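Numbering (our numbering), first residue to last: 9 to 344. Using N, Cα and C, we set each Cβ at its ideal position, and we do this for glycine too. Since we're looking at a predicted model, the values are computed, not measured.
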């Protein structure tokens with residue numbers, strides 16, 4: 009039997025997920041959609057030739073008897089409200105990042121899920137499902153390079169729009185590293201500092217770009233992440249782990265090496281959707297399979313909370329220029 013899914017939010021990512029669940033993934037059926045723009049929601053249903061009802065709002069969709077699981081892909085500030093409603097209804101929910109726009113909102117979701125007594129929430133951090141990151145984690149966990157001492161990372165975009173602000177380098181861009189590096193190292197952050205190199209002439213006047221985020225973990229691993237969102241040349245994700253006895257590096261996306269015109273070259277991707285498209289498929293299939301088996305897995309509400317706490321401290325460090333302590337409460341036993 010296919011899992012009957014309701015989708016709240018039919019913007020770009022919502023449409024991608026609806027298409028995945030309807031045309032690519034196994035054992036799933038989108039039976040309900042809604043959006044703040046109901047005409048757009050109806051158009052998505054029509055364009056994808058779905059047999060799905062358009063509900064007037066997210067709460068009506070969550071309460072619908074035929075909806076067994078929910079995807080929240082709406083405007084970020086609405087996520088907390090809909091995830092809490094899904095938990096109250098006892099329905100599994102996949103929430104695209106952010107889980108909530110504040111750490112306090114994430115904490116409320118954690119408390120609601122713990123009170124419910126069973127995991128219902130999976131957060132849409134896709135990098136732990138990326139083939140390259142999984143291979144890198146396998147090397148770290150094997151002990152082949154010893155304990156990780158340092159990580160050198162980069163998150164580069166060719167350009168960003170006028171609405172992109174300096175703090176979004178943390179909340180929209182670095183947030184993926186904040187999650188995946190905790191997962192890679194099985195460790196938590198204890199301090200953060202943000203420094204600003206010479207500003208790129210390609211950055212808009214209101215934006216400080218690039219930035220370097222310096223993180224320290226509880227085990228003493230030091231991490232530097234370059235965030236450069238106007239690099240021009242491509243979408244480029246790098247992660248190098250320096251261990252006691254060796255170095256492991258995130259593999260490049262598979263590309264054909266070209267010998268032509270007196271050059272030896274490899275193409276560089278320009279779009280994040282191309283870089284992580286397979287990971288999106290794997291993470292949503294994992295959610296579907298988890299719900300059908302009765303056990304939601306993947307990045308948890310606690311992971312969403314931990315990333316939000318670290319992001320808040322990174323923004324504080326942006327503004328102060330100081331080393332800022334990152335403190336998490338003790339992780340509930342509920343999350344293992």
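query: Based on the DSSP output, what are the partners of residue 230 in its beta bridges?; result: 158 and 224
query: Taking only the alpha-carbon atoms, compute the straight-line gap between residue 236 and residue 163 and give it to the nearest angstrom.; result: 6 Å
query: Going straight from the alpha carbon of residue 175 to that of residue 323, what length do you get?; result: 6 Å
query: Output the distance between the C-alpha atoms of residue 54 and residue 31, rounded to the nearest integer angstrom.; result: 14 Å
query: Leaving out five residues before and five after residue 167 in sequence, what residues of the same chain have Cβ atoms less than 6 Å from its Cβ?; result: 238
query: Per DSSP, residue 210 forms a beta bridge with which residues?; result: Residue 210 is not bridged to any residue.
query: Rounded to whole angstroms, what is the Cα-Cα separation between residue 109 and residue 203?; result: 24 Å
query: In whole angstroms, give me the CA-to-CA distance for residue 232 and residue 312.; result: 21 Å
query: Mind checking whether residue 305 and residue 127 have CB atoms under 9 Å apart?; result: yes
query: Taking all protein chains shown into account, do 16 or more other C-beta atoms lie within 10 angstroms of the C-beta of residue 165, making it buried, or fewer, making it exposed?; result: buried
query: Do residue 325 and residue 198 count as a contact pair if the criterion is CB distance below 9 Å?; result: no
query: What is the DSSP secondary structure of residue 61, counted as helix, strand or coil?; result: strand
query: Could you name the residues of the same chain whose beta carbon sits closer than 6 Å to that of residue 90, not counting the 5 residues immediately before and after it, in chain order?; result: 16, 66 and 80
query: With distances taken between CB atoms, is the gap from residue 130 to residue 307 smaller than 9 Å?; result: yes
query: At what residues does the beta strand (DSSP E) containing residue 257 begin and finish?; result: 255 to 257
query: Considering just the uninterrupted stretch of the alpha helix (DSSP H) at residue 115, what are its terminal residues?; result: 111 to 124
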